[in-house]
Structure formats: structure tokens, C-alpha cells
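Heads up: the protein sequence lines correspond to chains P and H, in order. Each number in our numbering corresponds to the 1-based position in the first sequence with 661 added. Each number in our numbering corresponds to the 1-based position in the second sequence with 136 added. Where is the CB? At the ideal position from N, CA and C, for every residue including glycine. Heads up: the structure comes next, in C-alpha cells.
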Amino acid sequence: MKGSPVFKKDVFFIVFFVVFLIAPSLYMAFFKQKPPWTPRLASHLYDTGNLFPRQAIQIPLFYLQMQTKKDGPWIALDEREYFPISKGLGYRTRFSRLSDIYLTQDGPICAVIGKLLADWFYRRHHTLHPDQLPPVSFRILRAYYRVGLQTGQGGWVQPPIGSYSENDIEVAYANVRA
Amino acid sequence: MRTSALDTFRICLGTVMLGHFAYLTQGWTLAWEWLSQTGFHVPSTLLPGMPVAPLLPEALVPWFGVLFFASLLAWTLGFHLRWTSLLALFLVAYVTWADILTHYSINRIFIISLTIMTFAAWDRSSSWPLRVLQIFLVTMYFVAGWSKAVHGDWLTSPITLWTQLQIYYMNSWSAQLVQELPIAFWKVIQWGVVAFELSAPVLFFNRKFLPAAFVLGIALHLGIGWLMQDVISFGLAMLCFYPLFIKPGPQTKHL
Chain P
662 MKGSPVFKKD
672 VFFIVFFVVF
682 LIAPSLYMAF
692 FKQKPPWTPR
702 LASHLYDTGN
712 LFPRQAIQIP
722 LFYLQMQTKK
732 DGPWIALDER
742 EYFPISKGLG
752 YRTRFSRLSD
762 IYLTQDGPIC
772 AVIGKLLADW
782 FYRRHHTLHP
792 DQLPPVSFRI
802 LRAYYRVGLQ
812 TGQGGWVQPP
822 IGSYSENDIE
832 VAYANVRA
Chain H
137 MRTSALDTFR
147 ICLGTVMLGH
157 FAYLTQGWTL
167 AWEWLSQTGF
177 HVPSTLLPGM
187 PVAPLLPEAL
197 VPWFGVLFFA
207 SLLAWTLGFH
217 LRWTSLLALF
227 LVAYVTWADI
237 LTHYSINRIF
247 IISLTIMTFA
257 AWDRSSSWPL
267 RVLQIFLVTM
277 YFVAGWSKAV
287 HGDWLTSPIT
297 LWTQLQIYYM
307 NSWSAQLVQE
317 LPIAFWKVIQ
327 WGVVAFELSA
337 PVLFFNRKFL
347 PAAFVLGIAL
357 HLGIGWLMQD
367 VISFGLAMLC
377 FYPLFIKPGP
387 QTKHL
């Protein structure tokens, strides 16, 4: 009933959530910016609906490689050994997600993440393979994959780096161990 | 006493959360990579404006898992709701903010829903939680449609859906259908999805259109679940909101 304490409480909470949840979500969708009136730490909660927005004729995929000798051959690493596959991530790994967010374009962020990843990789590789020669360098390749080459059987399988033409591969980050 | 719409929502969403987190972490076996220093983590300095939770010591990860799933299960079953909703909210927020690399839109839906349900558990005499959750659902649809139509190319490119079905989430069904069905078919589906999402506020809040909203929404989420490998939990989480729109019968206890 209008004017009752329950009614006033209902109105208060509905207005509260409209101001701090609904309106920010709409603002974010309309202007592609964080809503200025919301707490900074909550602002990432408002981006809930931006899935698969554009066509994907060609997408960047990433590959890890290392050298165990200076000027030696680059050895392909099995990403899944360092970042286990999760079916819940579309048969991909946390590295796939990391590269989608930070490594798709060259720039300072790509370089910083690449360096952090290289430092982590050297430690992790030593933990997993203490008996092997330690890597002296590490790099991340970015290869441009054209959609339509998968069979769809058994979930996503990243194609081998050898399946690309040279023009479709570039070095996203390279690190020589100090 | 009959189950209220909010109880149905809680049981449904809790079940989806339990299944989602168990599947994402492959029965908690990936949790070490996710929540401890075992895995690679993006430092907080590169995440401005994002809350970043501290990581767990490796020895605590299994115990944390027990607490995490026990609290979600207790909340789902309606056990001491005031406290289990608070605990479940805290723990889901923690796993979301401990690792940006496993943080998806579905986590945000869980956090927002748990926040509203926590308020609701402490105030069971009001009807606002039902209304806010209803408005939240239609806002998510509208925003998704807007993003596709205005910021994306769903209305201008005929091959957006056709190409999206052929990457990470392609399964044997979609692999076959993208070959056999003409581009025009996928274009019509694209437009239909955008039309449904943009008209969700009208469809869901008008009793006359509600059956159509349910049929179209269920078809959309089941279609995604059918044609995209292992992308079912997002759709199931969205479908949990649907019982909130069903008008209670005369004997149903109103919250």
C-alpha cells in the first residue's frame, strides 16, 4: 500500500538498484565508458552483454617457443603443459585468454605482459623439468588464423604453427634470459 | 508451503553455479592454477579500477574448495539463508577477483544476483528483489542487443554469426550446419536474435507477450547450447530468471 513502510522500502531499493546497476549498464552500452557516478571498483560489473559482437574472418592465435642454446633452433612448447586446458573455457587455456586481452596488438602492455610471462615461464619450466637444459630465450608468436579450418569434433584444437604461411606469423614478444 | 519465485530462482541459479564452477575448474583440479601462485597472474598494477584479491597458499586451495562448494550448496538448499547468501557472495566475488583470466560475464551475473539475494534474505517482507531481478534480466538482453546492433556488426554483416560459430566454440553440429545452410539463413537468425534482445523490455513486461518471450528466449539459449561447445552455463543462468515472471497462483505465499 502506498505510504506504508514496506512500500517506501521497495521504492528505495528499486531506485537504488536502478541508479547503481541498471542505469550504469545502459550507460556503458550506449557510451562504451565507465559510468562516472559509480564506485570505480564496481564499474567492471556493468559490462555483461558484449559477447561475439563482430564477424571473425581472421583471428590472432598465439604460440610459445624457447631456445636452450643461443642461436639454437626454436623449440615449440606445448602451451597445455604450462596452462592446462579447461573445457569450461572452450577447450582453451588461461594463456589463450591472457593473449586475447593483452597480446593482440604490439605496444607497451604487450611488452610488459610478455616480460612477466617470460620470467614466470623460466621458473615454471625449471619446476616441471629440473633435469632438462634451462631455456636461454623465450618468445611468443602471433599467427593469423582464418576461420573455417576446424572440423568441430571434440572441441577447439589450435592448429600447429607449421600450418600457417610465413606472412601470417609475427613475433609478439621475445626475451633473452639475463 | 509452496515455493516462491525467488526460491525457484535461488535453487536454479545455485545449481548452475555449482555446475559451472565444478566444470570450469574440472572438479577443482585446475583451482591451483587459478587461485594460487602456481599459475601465471596479471599484477594488479596492470588492472586499474579492478578489485584484485590476494592469492591463496597452495595448501589452502583444497580447503577453500570445500568451503566454496559447501556454501553454494547450502545457499541453493536454503540453509540459513541470511548467512549462506553472504558467504556465497563473498566467495564467488573472491574467485572472480583472484583471477581476471577466468572471469567472464557469467561471474558478473552471479555476483549481482547474489548481492540482490543477500538483501532479499535479510528482508523477506518486500517485493523489490523480484522486480530488480526482472529489470536486470531485460536490461542484460537489451544491452546485448544494443552492443550487437550499434557497436558490433550484426545488422550490417551477414556472416557474423556464421564466422563466430566456426571458432573456439564450434562443435560437430555447428560444423555441419555452417556448411549446409546458406548464409541468408544465418543472417535471418542474426536479425532475429537482435530483434528479440532489443524488444525484451516490451516482451517480458507485457503479459500478452510473455509466452512469446519465453519461447523465443528458451529457443535462443538452447540454440546456443546446441551449436556452441560447452557454452551452456551462461544460457542456463539467464533462464533461471524466467520463473520470476510467472505470476504466483492464489495459494502461493508471496515474499
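*Alpha carbon of I447(H) to alpha carbon of C148(H), nearest angstrom*: Since the first residue shown for chain H is 137 and the last is 391, residue 447(H) is missing from the structure and cannot be characterised.
*Environment of V367(H) [buried if 16+ CB atoms lie within 10 Å]*: Within the second sequence, residue 367(H) is the residue found at index 231, counting from 1. Buried, because 16 or more other Cβ atoms sit within 10 Å of the Cβ of V367(H).
_In the DSSP output, what is L273(H) paired with across the bridge?_
As a first step, residue 273(H) is located in the second sequence; it is residue number 137 there, counting from the start. DSSP, once it has assigned bridges, lists no residue as partnering L273(H).
*Pick from L789(P), R701(P), Q719(P), K693(P): whose alpha carbon is nearest that of A804(P)?*
Along the first sequence, one-based indexing puts residue 804(P) at 143. Cα-wise, what sits closest to A804(P) is Q719(P).
*With DSSP collapsed to three states, give me the class of Q726(P).*
Along the first sequence, read from residue 1 onward, the residue named residue 726(P) stands at position 65. DSSP places Q726(P) in strand when its eight states are reduced to three.
*asked:* According to DSSP, simplified to helix, strand and coil, what is Y743(P)?
replied: Taking the first residue of the first sequence as 1, we reach residue 743(P) at position 82. Here Y743(P) sits in helix by DSSP.
*Just curious, the alpha helix (DSSP H) that Y783(P) is in, first and last residue?*
Along the first sequence, one-based indexing puts residue 783(P) at 122. Per DSSP, Y783(P) belongs to the alpha helix (DSSP H) from 769-789.
*So G751(P) and A833(P) are in contact, right, with Cβ under 8 Å, and what is the actual spacing, rounded?*
Locating residue 751(P) in the first sequence gives position 90, counting from the first residue. Locating residue 833(P) in the first sequence gives position 172, counting from the first residue. Not really, about 21 Å apart at Cβ, beyond 8 Å.
_Please list, in chain order, the chain P residues whose beta carbon lies closer than 9 Å to that of P187(H)._
As a first step, residue 187(H) is located in the second sequence; it is residue number 51 there, counting from the start. Here the neighbours are L702, A703, H705.
*Among A703(P), T729(P), T709(P), V680(P), which has the Cα closest to the Cα of H790(P)?*
What you label residue 790(P) is simply residue 129 of the first sequence in a count that begins at 1. Considering only alpha carbons, the answer is T729(P).
*According to a CB-to-CB cut-off of less than 7 Å, which residues of the region 282-311 of chain H neighbour chain P?*
W282, S283, K284, H287, G288, D289, S293, I295, T296, T299, Q300, Q302, I303, Y304, Y305, M306, N307, S308, S310, A311
*asked:* For E742(P) and Q300(H), what's the separation of their Cα atoms in angstroms?
replied: Counting from 1 along the first sequence, the entry for residue 742(P) is found at position 81. Counting from 1 along the second sequence, the entry for residue 300(H) is found at position 164. Each residue's Cα considered, the two are about 27 Å apart.
*asked:* Within 10 Å of its beta-carbon, does D671(P) have 16 or more other beta-carbons around it, so buried, or fewer, so exposed?
replied: By 1-based counting over the first sequence, the position of residue 671(P) is 10. D671(P) comes out buried.
*Touching by the beta-carbon criterion (3+ pairs, under 8 Å), the region 752-759 of chain P and the region 142-157 of chain H*: Contact between the region 752-759 of chain P and the region 142-157 of chain H is absent, because fewer than three Cβ pairs lie under 8 Å.
_Best match in G185(H), W211(H), W164(H) for proximity to T699(P) [C-alpha to C-alpha]_ = Working through the first sequence from its first residue, we reach residue 699(P) at position 38. Taking only the C-alpha atoms, the option nearest T699(P) is G185(H).
_My output table needs one value for S249(H): the three-state DSSP class, helix, strand or coil._
Counting from 1 along the second sequence, the entry for residue 249(H) is found at position 113. In the displayed model, S249(H) falls within a helix according to three-state DSSP.
_Please identify, using Cβ separations under 8 Å, the residues of the region 249-277 of chain H that lie next to chain P, in order along the chain._
I252, F255, D259, S261, S262, S263, W264, P265, R267, V268, I271, F272, T275, M276, Y277
_Alpha-carbon spacing of H287(H) relative to I675(P), whole angstroms_ = If you number the second sequence from 1, residue 287(H) lands on position 151. If you number the first sequence from 1, residue 675(P) lands on position 14. If you take the alpha carbons of H287(H) and I675(P), they lie about 29 Å apart.
_Any beta carbon of chain P sitting closer than 8 Å to that of R244(H)?_
Here the question's residue 244(H) lines up with position 108 in the second sequence. Yes, because at least one Cβ of chain P sits closer than 8 Å to the Cβ of R244(H).
_Meets three-Cβ-pair contact criterion under 8 Å: the region 368-386 of chain H and the region 265-272 of chain H_ = The answer is yes - the region 265-272 of chain H touches the region 368-386 of chain H, with three or more Cβ pairs under 8 Å.
*Would you decide whether K669(P) is buried or exposed? Buried here means 16 or more other CB atoms lie within 10 Å of its CB.*
Numbered from 1 along the first sequence, position 8 holds the residue referred to as residue 669(P). Exposed: under 16 other Cβ atoms inside 10 Å.
*Distance, Cα to Cα, S665(P) vs F673(P)?*
The residue given as residue 665(P) occupies position 4 in the first sequence. The residue given as residue 673(P) occupies position 12 in the first sequence. Their Cα atoms are separated by approximately 12 Å.
*Give, in chain order, every residue of the region 312-328 of chain H whose Cβ lies closer than 7 Å to some Cβ of chain P.*
Within the region 312-328 of chain H, contact with chain P at the beta-carbon level (separation under 7 Å) is assigned to no residue.
*asked:* Between which two residues does the alpha helix (DSSP H) holding S798(P) run?
replied: On the first sequence, residue 798(P) is found 137 positions in, with the first residue counted as 1. Per DSSP, S798(P) lies in no alpha helix (DSSP H); the unbroken beta strand (DSSP E) holding it starts and ends at 798-807.
*For the region 156-165 of chain H and the region 199-216 of chain H, state whether three or more C-beta atom pairs, one from each stretch, are separated by less than 8 Å.*
yes
_Identified DSSP bridge partners for Y834(P)_ = Position 173 of the first sequence, counted from the first residue, corresponds to residue 834(P). Its beta-bridge partners are I801(P).
*asked:* DSSP three-state label for S665(P), please.
replied: For the purposes of this step, residue 665(P) is taken as residue 4 along the first sequence, with counting starting at 1. Residue state for S665(P) is assigned as coil, using DSSP reduced to three classes.
_Straight-line Cα distance separating T709(P) from F686(P)_ = Numbered from 1 along the first sequence, position 25 holds the residue referred to as residue 686(P). Numbered from 1 along the first sequence, position 48 holds the residue referred to as residue 709(P). According to the sequence shown, residue 686(P) is Ser rather than Phe. Rounded to whole angstroms, S686(P) to T709(P) spans 8 Å at the Cα level.
*asked:* With distance defined between alpha-carbon atoms, name the residue in Y230(H), F205(H), T174(H), S207(H) nearest to P190(H).
replied: Your numbering for residue 190(H) matches position 54 in the second sequence. The shortest Cα separation from P190(H) among Y230(H), F205(H), T174(H), S207(H) belongs to Y230(H).
*asked:* Against L682(P), what residues of chain H qualify as contacts under a CB-to-CB distance less than 7 Å, listed in chain order?
replied: Residue mapping note: residue 682(P) aligns to position 21 of the first sequence, counting from 1. Result: I248, F272.
_Considering only the alpha carbon of each residue, which of V188(H), F226(H), A280(H) lies closest to L356(H)?_
Position 220 of the second sequence holds residue 356(H). The residue with the shortest Cα to Cα distance from L356(H) is A280(H).
*Does the beta carbon of A717(P) sit closer than 8 Å to a beta carbon anywhere in chain H?*
Within the first sequence, the letter at position 56 stands for residue 717(P). Output row for A717(P): interface = yes.
*Compare the C-alpha of W362(H) against each of A311(H), G214(H), L223(H) and name the closest.*
Locating residue 362(H) in the second sequence gives position 226, where the first residue counts as 1. Per the Cα distances, A311(H).
_Distance, W258(H) Cα to V667(P) Cα_ = The residue given as residue 667(P) occupies position 6 in the first sequence. The residue given as residue 258(H) occupies position 122 in the second sequence. Rounded to whole angstroms, V667(P) to W258(H) spans 14 Å at the Cα level.
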